[in-house]
RNA sequence: GUGGCCUUAGCUCAACCGGCAGAGCAGCGGACUGUGGAUCCGCAGGUUACGGGUUCGACCCCCGUAGGCCACCCCA
């Protein structure tokens, strides 16, 4: 047993998985580019206050999942690893005066996030997200555009059965009234509530709506709906978002009980959800509008909307459907040697070919020729360059591993021969 | 953070009621000393996750720890 292992909730992404993640990041970057989002980088950690104020002090993410760093000195500020990207991006937006940029400012971040909670499949302490934010546009069209971009990501990544869940949770004008109404409703039925739900009633009554307790189903169904309580402006915004989605053909379902865990959301909230998935990996990503967040982090009042898509969960979904990324492309040629000990000759020839831009693997293990060819075949190389005594006359054997044929080629023409062969291979 | 299940070779898994820790795959080598994906043979790989306890004797029973998974909490 090795004495060291990856920390709990983290894992090594071995080449197959790593290239799968890379592929997803490539799709994300391509989409971001097509939709006009510019990629940026933000620190992996921030002052704890950025998250506390931005995400909300009483959210689970801040209360129990924040990865807090031990201070180095008494005077040091409190730092924490980023549990999500939105707060950091908005902090950067304010810090760099992006309110003077052409609005909206559309930004994207791809990278690892950190949350200190109990790990499970598809749920890690270090996980990868694609995050996109459009800051500075209050209109419903940008909401729909963003929801479409996320939906398209799953389509292009090849995740089956993704559903868009949509809701509006109102704003400062109408939500307080709704919350009062909702709280009053559940208070009237407090005696029927399970213990856990009773505690939620005080902490975060909205959460009662997506309770998984079967005993709650009837109560929740009869509870007042936020959709019926939206103020005129919020209702109009919601209707417009839906009209835009329908116009561009993004399928969605209004989910009146969809509330999200972070404090900063206003109006539009949405979630990408995988139908038929077992367990906790159904939520693939989510987002929403946060019209008060920029102000909360010290900027001028500026509306914004964003999403965060969990790449690990996509990887998991693709793994289940056996649609993972293909293995590494095979080398054009493998350089092998008749003399197992002469690695210098092999490395020299490989170096020569690589300098010409060719994809060539050098078999450097000191094994006999048969074994070298065996691994070359297993790697699905098109050619083997066999180096033997002919090298003294400036020649090598070029063997076509698929056809089984071989011929003598002058070393000086080898690169050209291989390049031409590669071309004809690719053309069929 | 709460409750439950699990952990045997790099991987997938065996091992009767508590009685000598095994196989397939992968790796390496040989058959085949300058010619490959097949086949056959061999080699290596283990403190049975870790630490304690019970027992003549523990992979097996008990306790603890770590890790994984499942259901919650919650989220990606």
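Residue numbers (our numbering): -8 to 419. Think of the CB as a built atom: it goes at the ideal place given N, C-alpha and C, for glycine as much as any other residue. These numbers come from a predicted model, not from an experiment.
Do residue j and residue i count as a contact pair if the criterion is CB distance below 8 Å?
i	j	result
residue 140	residue 26	yes
residue 325	residue 375	yes
residue 137	residue 298	yes
residue 329	residue 349	no
residue 1	residue 254	no
residue 4	residue 149	no
residue 367	residue 392	yes
residue 122	residue 96	no
residue 410	residue 347	yes
residue 377	residue 125	no
residue 287	residue 45	yes
residue 155	residue 142	yes
residue 385	residue 401	yes
Does residue i pass the burial test, meaning 16 or more other C-beta atoms within 10 Å, or should it be called exposed?
i	result
residue 159	buried
residue 303	buried
residue 421	Missing from the structure shown is residue 421; the chain here goes from -8 to 419 and no further.
residue 245	exposed
residue 259	buried
residue 92	exposed
residue 24	exposed
residue 22	buried
residue 233	buried
residue 217	buried
residue 34	exposed
residue 42	buried
residue 229	buried
residue 242	exposed
residue 280	buried
Mapping the DSSP letters down to three states, classify residue i as helix, strand or coil.
i	result
residue 1	coil
residue 421	Outside the displayed range of the chain (-8 to 419) lies residue 421, so it cannot be described from this structure.
residue 36	strand
residue 42	helix
residue 146	helix
residue 235	helix
residue 49	coil
residue 412	helix
residue 15	helix
residue 63	coil
residue 291	coil
residue 160	coil
residue 249	coil
residue 30	strand
residue 323	coil
residue 305	helix
residue 300	strand
residue 6	helix
residue 241	coil
residue 403	helix
residue 166	helix
residue -5	coil
residue 208	helix
residue 25	helix
residue 398	strand
With residue i and residue j assumed to form a contact (beta carbons below 8 Å), what rounded beta-carbon distance in angstroms separates them?
i	j	result
residue 294	residue 127	7 Å
residue 30	residue 20	6 Å
residue 153	residue 275	7 Å
residue 18	residue 118	17 Å between Cβ atoms; not a contact.
residue 57	residue 107	7 Å
residue 363	residue 327	4 Å
residue 236	residue 135	5 Å
residue 185	residue 206	6 Å
Just to check, is the beta-carbon of residue i closer than 7 Å to a non-hydrogen atom of the ligand ZN?
i	result
residue 190	With respect to small molecules bound, the structure shown includes none, and the ligand ZN cannot be examined in it.
What beta strand (DSSP E) runs, 3 residues minimum, are completely inside the stretch 73 to 139?
Those beta strand (DSSP E) runs which fall completely within the stretch 73 to 139 and span 3+ residues are 96 to 105 and 117 to 126.
Which whole runs of the alpha helix (DSSP H) in the stretch 182 to 206 are 4 residues long or more, in chain order?
Assignment of alpha helix (DSSP H) within the stretch 182 to 206, counting only whole runs of 4 or more residues, yields 186 to 194 in chain order.
Whole runs of the alpha helix (DSSP H) within the stretch 325 to 391, excluding any shorter than 4 residues:
Entirely contained in the stretch 325 to 391, the alpha helix (DSSP H) runs reaching 4 residues are, in chain order, 334 to 346 and 360 to 369.
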